[in-house]
Every structure is written in structure tokens, then in C-alpha cells.
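K.L.:
Starting off with a structure, shown below.
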Amino acid sequence: MRLFEGTEFDRPPTCERCGELEEVCQCPPEPVAKLEPGKQTARLAVEKRKKGKTVTVVRGLPAEGNDLPGLLTKLKSACGAGGTLKDDELEIQGNNLDRVRDELKKIGFRTKG
Ligand SMILES: [Zn+2]
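Residue numbering for the sequence shown follows my numbering, starting at 7 and increasing by one per position.
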């Protein structure tokens, strides 16, 4: 069972370039600029935001070489907290420094902070 089965998000996958269904798409595979986690250092910080909110911020991972939306999802579920992605910066609600660090290390990233 798919996550959004039966909702408006439940569409068959289509190619982003030609718009055809992925089954019939003839586009050549796109080279993905993937960076190895082990060669990147995530810089972690706990910061205060407006209204006294505390957030855990992850910087230093370029969006071009990483699946940052996917990473955000993993971090949010590891912390059981909400979060947002702003450019190359991941922000998890609350002071979740230890959990974020553990999760990043599990994936293979080096961490600092
Ligand atoms: Zn295509």
C-alpha cells in the first residue's frame, strides 16, 4: 500500500523531463551529482528563533550533491519533530542535537558541533 493511495497525490510516476509515464520514457538516465556522505561534514548548531523557539540546524551539505528533502524526512522521524528545509540548511524543531548527530553518523556523514 502506497502512502498516498487513493488521494490526489496517488499518480503514476512520470518523467520530469518528457512528461511521459516512466514505463515508456526514453530519456537517457540523468547523471546524478551525488556526494559521498563520508566526504562531507555536517555542521550542527542549536539556535534560538523568534518567540523563544529552539531549533537544531544542519549546515554544510550542498543540495546539489545530496537528497536534502529525503534527509530532512529521516531526521524528522528520528527526532519525532517537525522541520524545514531552507536552501542548503536543514532545521529541526527543538534541541535535537544528539539525535540529529546520531542519525547523520548512521548515514555516514561526518559531523561537527
Ligand atoms: Zn523522459
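Glycine included, each C-beta is placed from N, C-alpha and C at the ideal position.
Everything numeric in this text was worked out from a predicted model, so none of it was measured.
Beta-carbon distances below 6 Å to any heavy atom of ligand 1 define the shell here; list its residues in chain order, please.
P.N.:
That query returns the following residues: C21, R23, C24, E26, C31 and C33.
K.L.:
Can you tell me whether P43 is buried or exposed, with buried defined as 16 or more other CB within 10 angstroms of its CB?
P.N.:
Answer is buried; the Cβ neighbour count reaches 16.
K.L.:
Can you list, in chain order, the residues of its chain whose CB lies under 7 Å from that of A84, leaving out five sequence neighbours each side?
P.N.:
Result list for A84: R105 and E109, in chain order.
K.L.:
From this set, R23, Q99 and K57, which residue's C-alpha is nearest C33's C-alpha?
P.N.:
Among R23, Q99 and K57, the Cα nearest to that of C33 belongs to R23.
K.L.:
Going by C-alpha distance, which of L67, E95 and K56 is nearest K45?
P.N.:
Closest by alpha carbon: L67.
K.L.:
Please classify G44: does DSSP put it in a helix, a strand, or coil?
P.N.:
Here G44 sits in helix by DSSP.
K.L.:
Starting from T90, trace the alpha helix (DSSP H) in both directions and tell me its first and last residue.
P.N.:
It is not in any alpha helix (DSSP H) - T90 instead sits in the beta strand (DSSP E) that spans G89 to K92.
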